[in-house]
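Here is the structure we will look at.
In the numbering used here, the protein residues as written are 188 to 353.
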């Protein structure tokens, strides 16, 4: 991501800077910040852990399915179907719970990052005397003097170094 920010920042410069007009790549600032990188690393780690837990739980359900299949001949068809449906539902609930845990952790991290970004942006906008801030990622070109992405990233790093997903 940092390479993408550097490439965007070296985009062709169009005309002189416009006083009071500032450009920000919100996604670039977040991706380049220590907090954004911290959140991504923690989310990857959490996703791996949750996938491992889910695999263990699925294996236990699969073992129950095999036992049920081995008893199919001695079990009434309606009872067999009921048990099979219960195992299917149990597997689905486990996956939904894991997804909900991941989404909740991601939301907690994003709230922290958004708070730091807003605080950093307010500071940089005041310091740079921005009258309007536009999303840089939607621009075809700009004068680099109007791009405040790097300043916002540095300010964010001073506000929030890591994210806590717990």
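From the three backbone atoms N, C-alpha and C, an ideal C-beta is built for every residue, glycine too.
Item, Value
"Collapsed DSSP secondary structure at residue 350 in the structure displayed", "coil"
"Segment contact flag, the segment 213-230 with the segment 293-304, C-beta cutoff 8 Å, min 3 pairs", "yes"
"Residue 365 versus residue 310 - alpha carbon distance", "In the structure displayed, the chain extends from 188 to 353; residue 365 sits before or after that span and is not available."
"Contact under 8 Å by Cβ, residue 323 with residue 210", "yes"
"Selected residue, minimal CA-CA separation from residue 288, among 235, 306, 220, 267", "235"
"Status (buried if at least 16 other CB within 10 Å, exposed otherwise) for residue 336", "buried"
"Beta-carbon spacing of residue 267, residue 281 below 8 Å", "no"
"Neighbour-count burial assignment, residue 202, 16 or more Cβ in a 10 Å radius", "exposed"
"Distance, residue 285 Cα to residue 299 Cα", "22 Å"
"Terminal residues of the alpha helix (DSSP H) in which residue 289 lies", "264-315"
"Environment of residue 319 [buried if 16+ CB atoms lie within 10 Å]", "exposed"
"Uninterrupted beta strand (DSSP E) stretches inside the segment 205-255 (no shorter than 3 residues)", "208-211"
"Between the CA atoms of residue 243 and residue 338 - distance to the nearest angstrom", "45 Å"
"8 Å Cβ cutoff met for residue 303 and residue 346", "yes"
"Distance between residue 283 and residue 341 (C-alpha atoms, nearest Å)", "37 Å"
"Contact under 8 Å by Cβ, residue 240 with residue 274", "no"
"Identity of the residues DSSP links to residue 342 by a beta bridge", "Its beta-bridge partners do not exist; DSSP assigns none."
"Span separating the alpha-carbon of residue 278 from that of residue 246", "10 Å"
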